[in-house]
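Below is one structure, written out as structure tokens; comments come after it.
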Ligand code: LMR
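In the working numbering, the protein residues as written are -2 to 393.
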């Protein structure tokens, strides 16, 4: 029976990581997948996480199943992180949050819930976007369409194009937005643009769905929620898929959450009953550890302060690498303007390197970059940056 199965193409991001792992060259550099590296090139466990894990090791008394929706304390803390503890959405209880296995799991649960409940059949996704978005929403049954987002010539947001393409969306269509640190471009709307977009979606009755995987990697934990909070002002209903892979460094613990914001607490409970049915059918109930770590950190003022400082340190190091990268390209005599790299947010930049250049960097210099030209600035270090600059200088 299985002879009919055809070979699937390698995943453009995780397939590259596999290739990187198997590459015997000792000078290899991975700017493919979005994982944070410290100055030594390691992806460390945050101190606040280590401390929380110690607490959990000593205090945990059972490995009994969690409920279908997961850890309730975690759900509350996630909402407070998204909207602010005193926000009306949180206090009125018109939002419900379920723990999910990573941001991907959260997106999938949200998409399937919307589709199965007949709320939405189509999702509008930015061009370009994280490649997995198409697959996640497609497998959940939704039709996918693209809206303009990035202007490759100006290397910035094509805001007029965005509004123009979203004009074709009809009431009930989902608009998928990156909460901050757009993946793959690193280009986010300004506060004024968020405001316009939020009103635009509300007027047209489009359903905003935020993919929020990089909170804290742009300007700060609170600051990065500005787009979402602006949307919440005008749009009574929305969804958020949170991920704590990056800002807690909990990549392999798969910690995420799906938040459904409705118009009142009663509707929220009803909607949530169907979110739970979706979870039950997919993985029954979530794994405990990662969310317990996040909750332990967020509810303890000292651990929370340490976390905020650790996120800032990661953010600052990436900014330093952006500056150094551009500086070194100039020093190497490269005429092409790369200044835009210092204006983009988060882990990624859309370098403008084309497929052929990306392939040459891989083959000749053991430098791994996603085929679209997306580079993970978080993978640059003071130790590998000179080799990187040499490679880029050779191919452009
Ligand atoms: C990325 O975009 O590199 C990360 O979100 C990892 C992934 O799963 O693709």
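Quick reminder that beta carbons are idealized off the backbone N, C-alpha and C, glycines included.
*Listed in chain order, which residues are found with a beta carbon closer than 5 Å to a heavy atom of the ligand LMR?*
Residue selection by CB proximity (closer than 5 Å to any heavy atom of the ligand LMR) returns 10, 30, 31 in chain order.
*asked:* Assuming residue 206 is part of the beta strand (DSSP E), what are its boundary residues?
replied: Looking at the DSSP string, the run of the beta strand (DSSP E) that includes residue 206 is 204 to 209.
*Assuming residue 206 contacts residue 171 under a Cβ cut-off of 8 Å, what Cβ separation, rounded to an integer in Å, is found between them?*
Residue 206 to residue 171, Cβ: 5 Å. Contact.
*When DSSP builds the beta bridges, which residues end up paired with residue 95?*
Residue 95 is bridged to 255.
*Determine, using beta carbons only, whether residue 126 and residue 135 come nearer to each other than 7 Å.*
It is not a contact, given that the beta carbons lie outside the stated cut-off.
*Report yes if the CB atom of residue 33 is closer than 7 Å to the CB atom of residue 375, and no otherwise.*
In contact: residue 33 and residue 375 (Cβ atoms closer than 7 Å).
_Buried/exposed call for residue 279, threshold 16 Cβ in 10 Å_ = It counts as exposed.
*To the nearest angstrom, how far is it from the Cα of residue 303 to the Cα of residue 296?*
Between the alpha carbons of residue 303 and residue 296 lies a gap of roughly 12 Å.
*Check each candidate in 337, 338, 323 and name the one with the smallest Cα separation from residue 331.*
Checked all of 337, 338, 323; the closest Cα to residue 331 is 323.
*Do you know how far the Cα of residue 26 is from the Cα of residue 448?*
Absent from the structure is residue 448, since the part of the chain shown begins at -2 and ends at 393.
*Could you check the C-alpha separation between residue 353 and residue 6 for me, to the nearest Å?*
Between residue 353 and residue 6, the C-alpha separation is close to 19 Å.
*Using the beta-carbon count (16 or more within 10 Å), is residue 186 buried or exposed?*
Taking every protein chain shown into account, the CB of residue 186 has 16 or more other CB atoms within 10 angstroms, so this residue is buried.
_Same chain, Cβ closer than 6 Å to residue 158, neighbours up to 5 away in sequence not counted_ = In the same chain as residue 158, and ignoring 5 residues on each side of it, the C-beta atoms closer than 6 Å to its own belong to 145, in chain order.
*asked:* I'd like to know if the segment 162 to 176 and the segment 189 to 209 are in contact, where contact means that at least 3 CB-CB pairs between them fall below 8 Å.
replied: Yes, the segment 162 to 176 is in contact with the segment 189 to 209.
_Beta-carbon gap between residue 347 and residue 370 smaller than 7 Å_ = Against a cut-off of 7 Å, the Cβ pair of residue 370 and residue 347 comes out as a contact.
*Pick from 226, 241, 21 that is closest to residue 234, judged by C-alpha positions*: Of the listed residues, the one whose Cα sits closest to residue 234 is 226.
*In angstroms, rounded to a whole number, what distance separates the CA positions of residue 182 and residue 58?*
Residue 182 and residue 58: Cα-Cα distance of roughly 44 Å.
*asked:* So, under 8 Å CB-CB, residue 92 and residue 255 are touching, yes? Tell me the CB distance rounded to an integer number of Å.
replied: Actually they do not touch by this definition, with Cβ atoms about 11 Å apart.
*Decide if the segment 247 to 254 is in contact with the segment 96 to 115; the criterion is three or more beta carbon pairs, one per stretch, under 8 Å apart.*
The answer is yes - the segment 96 to 115 touches the segment 247 to 254, with three or more Cβ pairs under 8 Å.
*Cβ distance (whole Å) where residue 29 is taken to contact residue 13 below 8 Å*: Confirmed, Cβ separation roughly 4 Å.
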